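Engineer: Protein chains in written order, with the working numbering: chain A, 2 to 397; chain B, 2 to 397. Ideal Cβ positions, reconstructed from N, Cα and C, are used throughout, including at glycine. Computed from a predicted model, the values in this text were never measured in an experiment. The structure that follows is given in the form of structure tokens.
Number of protein chains: 2
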Amino acid sequence: MGTIIKELTKVEDAKILLLDSISSLSATELIPLIDCIDRVLASPITAKRDVPHYRRAAMDGYAVQSADIIGASVTNPVMLGLSDDAEQSTCTRVHTGSNVPDSADAVVMIEDTTPIGDMVEIRTQVHPNKHIGCIGEDMTKGELILEAGHLLRPCDVAVIASLGLSEVEVYRKPVVAVIPTGDEVVPRTTSEIPPPGKVLETNGLMVGLYVEKWGGKARYCDIVPDKPKLIEDAIQSNLDADMIILCGGTSVGERDHVPAVVDSLGDILVHGVGLSPGKPTALGIIDNIPVVCMPGYPVAGLVGLFAFARPALRKVGNIPDISDTIIKARMSGKINSKEGYMTYARVILEGNIAHPLMTSGSGVLSSVAKANGFVIIPENVEGYEEGQDVDVVLIE
Amino acid sequence: MGTIIKELTKVEDAKILLLDSISSLSATELIPLIDCIDRVLASPITAKRDVPHYRRAAMDGYAVQSADIIGASVTNPVMLGLSDDAEQSTCTRVHTGSNVPDSADAVVMIEDTTPIGDMVEIRTQVHPNKHIGCIGEDMTKGELILEAGHLLRPCDVAVIASLGLSEVEVYRKPVVAVIPTGDEVVPRTTSEIPPPGKVLETNGLMVGLYVEKWGGKARYCDIVPDKPKLIEDAIQSNLDADMIILCGGTSVGERDHVPAVVDSLGDILVHGVGLSPGKPTALGIIDNIPVVCMPGYPVAGLVGLFAFARPALRKVGNIPDISDTIIKARMSGKINSKEGYMTYARVILEGNIAHPLMTSGSGVLSSVAKANGFVIIPENVEGYEEGQDVDVVLIE
């Protein structure tokens, strides 16, 4: 028999209890630039040299000494010799990105010039440095370019590559052991329909795929029956992971042993949260490893995963908190909530209309396949009416 | 000498011209469930069987014949024999998810019962089907569960797995040939600082990484010098790809041959768009393959990539249009725009304040590393003032 849920902890309080007990990983690894998208920088990127490292023409045209063409205009053009190395009053053809010769201090745009034999007619005057990208204009040697903790995007990688780096130091991905539990759960490798009373394992698969999507590395563990000793063994053999997620066995029935086992090995911080669906979620710590115990009912498990496992994974892995995609919408019907519970109501978003999904319960996972968003109703709000404007969090 | 930009096409018009000329891929592949996140379903998923495939107890308790306990209450409990196969007036212990015996038509919650020897005291009456998940309650045999074209999420995969499927048919990922061009561009493998006038290749890397992030498969091609014949050869040898992106050589200078070469092999639909930065972007079609020619200036290229290459890639690959993450913010300073240009202004978002990024031009890629968002200013708006509320599109 599991522990009894005496009182419910508010979602926000439960999350803080869990996050406050988590230490972030410090282990890092060097990886090639091409593999570093969505990884987290572990050490800052500083410019080891100036970019550009030469005076770069910013336009197609002629590099000149600005002093040579003072007063030049359409009606009073100046003729310059065309040469790369003559001593004075000459100009040099340059293209965008070309090196500007030391003898020049500005570039005249091609539109303001006409080559005539060995000479070039210049029809405008320019200030010194006009159309020249100075040394270090993009990045100056020693400048901090990206801070540690930054989540790497393709555009960052281009900047890092322009500094001549081919590898970056990132935090190691957190390894998350995913342990499905339940006497009724059978492996997905079964090719026939399981006998009555048995269901295919799907929660662990879903959790593992979300873990990978959110930046972790999933370790898919075998299904554990509802036996305290076996649950204990499964947890013990995964204490080398950075986080453990158990699916099922978190309620208060005869077969619900998970929270009690976690408590015997470490500490249960929370058992029972004001979350609907998701009330039997339990959160604990064993040997400094966060342990999230998700309800076995798939939708309740999914909501618990979003509410607790995702922020926990991010804290473990030093992964910045990425905003959910939120769409403003108007309810096409009423949605209810339970007082004291933060309610995740599934909706179908069509354009900017959110249709409540009528569903018989948190066991009906297909309701999530049909839904594309949650409307999250705070504890102190009693549902939303038809016509009300709401924020829909996309289920991604 | 490249083609001349005579007039600018509006961004929206240019996008429509490009998208209208694109045929989506029809090739599909069967892949294991575990690999299908962010892939696009090519054929609908229909339930091949009922889920659940047996009458499932929705609560821990006792399965009963509801007729046997009519009138049962706390003050007037009914005693039932505890047996699995007796003929009448018995009940069976069930757990959430258990098979409900054929002899029963409802489940009484454990809280409303007390086992006394071989008998069970039942203290409530129940309706038929109470706390029973009927056969097909979650999914009915033959029911359409997910439509073709759906972008697969972990929760969808769990639903598909619960139907006993281990593979899904998805659209093949579009192969995108990424061709960097430019006499000044040298390979990143160079370990020393390149000589003055030469720059490391970074645009192709950035493009390839975005292609992969957005659901395509990048083919990284060698750098091509600014010679029409070599550009033509590079394009010809990639006409087996599903899309081609060229970086650089799109302007109107002596070395800008890309749009003319594309036009000689197929059709240039657009050269020059009202996009800032990104004006020299060119869009074309060769042998039914969309060809996006991005400016070589990295920020202009990035903006062209977001504005054109991303929607084109999605259309080619049947990938649903995913909303950008948009954050409401207030400008901490003024940002300018050019009339007639859709302007992508880089901002640094701190909380809900957007700081305009002062920058010397579209050649300065580090400005994007510093920025985390774009404020997109429409053609008919003349910039935004300090204090103005704006939508910031996160650069992800």
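Measure how close the beta-carbons of residue 317 of chain A and residue 369 of chain A come, nearest whole angstrom, since I'm counting them as under 8 Å.
Structural biologist: The Cβ separation is near 25 Å, so there is no contact.
Engineer: Less than 8 Å between CB atoms is the rule here; does residue 156 of chain A satisfy it with respect to chain B?
Structural biologist: So yes, residue 156 of chain A belongs to the interface.
Engineer: Report the option in A:184, A:166, A:282 whose CA atom is closest to the CA atom of residue 201 of chain B.
Structural biologist: With distances taken between Cα atoms, residue 201 of chain B lies closest to A:166.
Engineer: By DSSP's criteria, residue 310 of chain B is part of a beta bridge. Which residues make up the other side?
Structural biologist: Answer is none; residue 310 of chain B lacks a bridge partner.
Engineer: Is it buried or exposed for residue 386 of chain B, if we count other Cβ within 10 angstroms and need 16 for buried?
Structural biologist: By the neighbour-count rule (16 or more Cβ atoms within 10 Å), residue 386 of chain B is not buried but exposed.
Engineer: For residue 337 of chain B, count neighbouring Cβ atoms within 10 angstroms of its own Cβ and tell me buried if that reaches 16, exposed if not.
Structural biologist: When all chains shown are included, residue 337 of chain B counts as exposed.
Engineer: Could you check if residue 317 of chain B belongs to the surroundings of the ligand SAH, using beta carbon to heavy atom distance under 7 Å?
Structural biologist: Among the components modelled here there is no ligand, and therefore nothing to report on the ligand SAH.
Engineer: Quick one, which of A:136, A:79, A:140 has its alpha-carbon nearest residue 49 of chain A's?
Structural biologist: Comparing Cα positions, the closest option is A:140.
Engineer: Taking only three categories from DSSP, how would you classify residue 2 of chain A?
Structural biologist: Reliability fails at residue 2 of chain A, whose pLDDT of 40 lies under 50, so the model's placement of it is uncertain and the value that follows must be treated cautiously. Coil at residue 2 of chain A, not helix or strand.
Engineer: Does any C-beta atom of chain B lie closer than 8 Å to the C-beta of residue 366 of chain A?
Structural biologist: Yes, residue 366 of chain A lies at the interface with chain B (some Cβ there is under 8 Å from its Cβ).
Engineer: Return the residue from the list A:254, A:342, A:366 that minimises the CA-CA distance to residue 13 of chain A.
Structural biologist: For the residues A:254, A:342, A:366, the minimum Cα distance to residue 13 of chain A belongs to A:342.
Engineer: Nearest chain B C-beta to residue 405 of chain A closer than 8 Å, yes or no?
Structural biologist: Absent from the model: residue 405 of chain A. The displayed extent of chain A is 2 to 397, so no value can be given.
Engineer: Less than 8 Å between the C-beta atoms of residue 208 of chain B and residue 248 of chain B, yes or no?
Structural biologist: Cβ atoms of residue 208 of chain B and residue 248 of chain B: closer than 8 Å.
Engineer: Might you give, ordered along the chain, the residues of its own chain that have their beta carbon closer than 7 Å to the beta carbon of residue 286 of chain B, omitting 5 neighbours on each side?
Structural biologist: Excluding positions up to five away in sequence, the list reads 22, 267, 268, 270, 292.
Engineer: With DSSP as the reference, label residue 217 of chain A as helix, strand or coil.
Structural biologist: Correct three-state label for residue 217 of chain A: coil.
Engineer: Please classify residue 182 of chain A as buried or exposed, where buried requires at least 16 neighbouring CB atoms within 10 angstroms.
Structural biologist: Label assigned to residue 182 of chain A: buried.
Engineer: If contacts are defined as beta-carbon pairs under 8 Å, then residue 262 of chain A and residue 232 of chain A qualify, I think. What distance do you get, rounded to the angstrom?
Structural biologist: Indeed they touch by this definition, with Cβ atoms about 5 Å apart.
Engineer: Starting from residue 235 of chain A, follow its DSSP beta bridges and name the residues at the other end.
Structural biologist: Partner(s): none; residue 235 of chain A has no beta bridge.
Engineer: Could you tell me how far apart the beta carbons of residue 303 of chain A and residue 212 of chain A are, in whole angstroms, since I believe they sit closer than 8 Å?
Structural biologist: The pair is not a contact, with the Cβ atoms about 13 Å apart (cut-off 8 Å).
Engineer: Near residue 25 of chain A, what residues of its chain come up, given a Cβ to Cβ distance below 7 Å and the 5 sequence neighbours on each side ignored?
Structural biologist: So the list reads 316, 317, 319, once near-sequence residues are dropped.
Engineer: With 8 Å as the threshold, decide whether the Cβ of residue 288 of chain B is near any Cβ in chain A.
Structural biologist: So no, residue 288 of chain B is outside the interface.
Engineer: For the 8 Å Cβ check, are there 3 or more pairs between the segment 172 to 182 of chain B and the segment 211 to 228 of chain B?
Structural biologist: Contact between the segment 172 to 182 of chain B and the segment 211 to 228 of chain B is present, because at least three Cβ pairs lie under 8 Å.
Engineer: Within 8 Å, do at least three Cβ pairs link the segment 51 to 58 of chain A to the segment 189 to 198 of chain B?
Structural biologist: With a cut-off of 8 Å, the segment 51 to 58 of chain A and the segment 189 to 198 of chain B count as touching, because enough Cβ pairs lie within range.
Engineer: How is the alpha helix (DSSP H) around residue 75 of chain A delimited, first residue to last?
Structural biologist: First-last for residue 75 of chain A: undefined, no H or E at that position.
Engineer: Nearest-angstrom Cα distance between residue 391 of chain A and residue 375 of chain A?
Structural biologist: The straight-line gap from Cα to Cα measures roughly 10 Å.
Engineer: Grouping DSSP H, G and I as helix and E and B as strand, with all else coil, what is residue 166 of chain A?
Structural biologist: In the structure shown, residue 166 of chain A sits in coil (DSSP, three-state: anything other than H, G, I, E or B).
Engineer: What are the start and end residues of the beta strand (DSSP E) that includes residue 249 of chain A?
Structural biologist: No beta strand (DSSP E) contains residue 249 of chain A, which DSSP labels as neither H nor E.
Engineer: Taking only three categories from DSSP, how would you classify residue 367 of chain B?
Structural biologist: If DSSP states are grouped into helix, strand and coil, residue 367 of chain B belongs with the helices.
Engineer: Please name the residue, chosen from B:355, B:323, B:18, that lies closest to residue 330 of chain B on a Cα-to-Cα basis.
Structural biologist: Among B:355, B:323, B:18, the Cα nearest to that of residue 330 of chain B belongs to B:355.
Engineer: Looking at the structure shown, is residue 205 of chain A part of a helix, part of a strand, or coil, going by DSSP?
Structural biologist: Helix.
Engineer: Fully enclosed by the segment 287 to 362 of chain A, which beta strand (DSSP E) runs are 3 residues long or longer?
Structural biologist: 290 to 295, 327 to 332, 343 to 351, 354 to 357, all fully within the segment 287 to 362 of chain A.
Engineer: Determine the closest residue to residue 94 of chain A out of A:216, A:272, A:44, A:61, with distance taken between C-alpha atoms.
Structural biologist: The shortest C-alpha separation from residue 94 of chain A is found at A:61.
Engineer: Exposed or buried, what is residue 382 of chain B when buried is set at 16 or more other beta-carbons lying within 10 Å of its beta-carbon?
Structural biologist: Burial call: exposed.
Engineer: Helix, strand or coil: how does DSSP classify residue 211 of chain B here?
Structural biologist: Here residue 211 of chain B sits in helix by DSSP.
Engineer: Helix, strand or coil for residue 67 of chain A? Go by DSSP, reduced to three states.
Structural biologist: Reduced to three states, the DSSP call for residue 67 of chain A is helix.
Engineer: Mapping the DSSP letters down to three states, classify residue 112 of chain A as helix, strand or coil.
Structural biologist: The answer is helix: DSSP assigns residue 112 of chain A an H, G or I state.
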